[in-house]
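Written below as structure tokens is the structure these notes are about.
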Amino acid sequence: MVIPLSKQAVDDRETDPHAAALRYGATYDTGAARIADARRAVRVLLVHASRTAPTDVTERAEQDAQLVVSELVTNALRHAPGPCGLVLEVSPCRERLSITVWDTSSTLPRFHERDESRVGGHGLYLVRACSRDLTVTSLPGGKRITAEIDLGPAAPSGSGRAAREPGAAQSP
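Position 122, counted from 1, in the sequence shown is what UniProt numbering calls 122; the numbers after and before it change by one each time, with no gaps.
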């Protein structure tokens, strides 16, 4: 089930649209998700964010966000036996995008070291490289992975990026 962005983009509890978080959510049945739809949702949400942000969302941030959502949704579809979901949230200050993907596999992802000779297994490496923060949380009947992307001008390469390995993930 996908809820149209126009019905959920602004948190109605806030009276000032510039102070409200922007949100998007989708739940996909097994085999019903299309990665292109997830990337499109990121683009549309970031256009909405740019309209009310003090500064524009950078092209690099948009590309990083689309790559992260592609990798996380692909992993959920490839490695989990049931439905999965996607939640996108732009912070009220429009400086950060939170990308959360949940699925029904209790197996936590493994981070592989970079190996150019290996086919596959690079997705989480890319997600970690594009994210300022990455958390993996075990849930009853599955897991949740959340990546945080900075939307403003890029920090110098390698600065401000952190990742918590699956062993350091916190349960709710």
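Just so it is clear, CB atoms sit at the ideal spot from N, CA and C, and this is done for glycine as well.
Going by beta carbons, L126 and E59 fall outside the 7 angstroms limit.
Counting every other CB atom within 10 Å of its CB across the protein chains shown gives V69 a total of 16 or more, marking it as buried.
Apart from sequence neighbours up to five positions away, the residues of its chain that approach L46 with a beta-carbon distance below 6 angstroms are V57 and E62, ordered along the chain. Here the C-alpha atom of V44 lies approximately 17 angstroms from the C-alpha atom of V73.
In terms of Cα proximity to R23, the closest of C130, L67 and P92 is P92. In this chain, G85 is not harboured by any alpha helix (DSSP H); it is covered by the beta strand (DSSP E) spanning C84 to V90.
Shortest Cα-Cα distance from R39 to any of R110, S131 and I99 involves I99.
No Cβ-Cβ contact shorter than 7 angstroms links A147 with E89. For E148, the enclosing beta strand (DSSP E) has its first and last residue at G142 to D150. Closest by C-alpha distance to I35, out of R78, R118, T135 and L108, is R78. Between the alpha carbons of L134 and I145 lies a distance of about 7 angstroms. Annotated three-state conformation of V101 is strand, per DSSP. Note: G25 is bridge-paired with V87 in the DSSP secondary-structure output. In the DSSP assignment, V136 falls within the unbroken beta strand (DSSP E) covering D133 to L139. Its chain contains G123 as the residues whose beta carbon lies nearer than 6 angstroms to that of N75, once the 5 sequence neighbours on both sides are disregarded; these appear in chain order. DSSP links R94 through a beta bridge to no other residue.
DSSP places A53 in the coil class of the three-state scheme, outside both helix and strand. Straight-line spacing of the CA atoms in S138 and C130 works out to 22 angstroms.
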